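Numbering (our numbering), first residue to last: 240 to 453.
All residues carry an ideal CB built from backbone N, CA and C; glycine is no exception.
The structure displayed is predicted, hence computed values, not measured ones.
See below for the structure under consideration.
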Amino acid sequence: MRFGGGVALSAVTHAAAFFIILFLVSRMPPAPPVAVQPEKSPSDIIWINQPGPGGGGGGGGNRTPEPPRKAELPGKDRITVPVAKPPAVTPQPPKEVPKPVPAQITIPAVSTSAGVVELPGALSGIPAVPSQGSGSGGGAGTGTGTGIGSGQGSGLGPGYGGGTGGGAYRPGNDVSWPKLVYEKKPSYTADAMRAKVQGIVEVEALILPDGTVA
């Protein structure tokens, strides 16, 4: 009988404790509301002006008391709006600026110093004799023609026909090479061919402006 009375007393005690706890819980004040941060658009998104409807919004959830996580969109780029990527700029190598070519005089002559050099102690201002040499033709020197020197023609120095360096006026300076108009084969004698005579003959001729050979 003692064992049965102990069990009954324990059951009554546990039941009384359960009802007391339930009463205390029901009398407790309600929990304060949890502050939920308002939705805020990310500051690292640039909205592009596109034609279409404006305004609006949306929402949803699964009745979880925790604040919602930020919206995410799978992708490789950090910006999820359709922003055109800038074109790749390929650096161009610096262009080489050609160096300016100094102006050159296209004549076969170089200007020389023709000034009068006065030496200390020398008498200056002596009048020169207006002589151009013993030649003729209007030039200067001992030759003939309008040139300078002992040659003939309008050149400089010995020689004839113009130009410089002596001898005949050779091709160059707008003078073209002569062209073969008529060729005469040499006629060797029988004795020379039989004796196998060999040698070199150099022939030089001056072609005048009228085509004749001087």
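Name the DSSP bridge partner or partners of residue i?
i      : result
Tyr399 : Gln391 and Ala407
Val336 : Val336 is not bridged to any residue.
Val251 : DSSP lists no partner for Val251.
Val452 : Ile446
Could you check what DSSP says for residue i in three-state terms: helix, strand or coil?
i      : result
Gln446 : The residue asked about is misnamed: residue 446 is Ile in this sequence, not Gln. Strand, per DSSP.
Thr381 : coil
Ser375 : strand
Gly386 : coil
Gly438 : coil
Leu261 : helix
Ala270 : coil
Ala327 : coil
Val420 : coil
Please classify residue i as buried or exposed, where buried requires at least 16 other C-beta atoms within 10 Å of its C-beta.
i      : result
Gly450 : exposed
Gly390 : buried
Gly245 : exposed
Report back the beta-carbon spacing between residue i and residue j to the nearest angstrom; my notes put them in contact at under 8 Å.
i      : j      : result
Ser375 : Thr383 : 5 Å
Gly439 : Pro417 : Strictly speaking, residue 439 in this sequence is Ile, with Gly absent from that position. With a Cβ gap of about 20 Å, Ile439 and Pro417 do not count as contacting.
Ile387 : Gly398 : Contact doesn't hold; Cβ gap of about 12 Å is too wide.
Ala407 : Glu443 : 7 Å
Would the C-beta of residue i count as close to the ligand SAM, meaning under 7 Å from any of its heavy atoms?
i      : result
Leu248 : This structure does not include the ligand SAM; it has no bound ligands of any sort.
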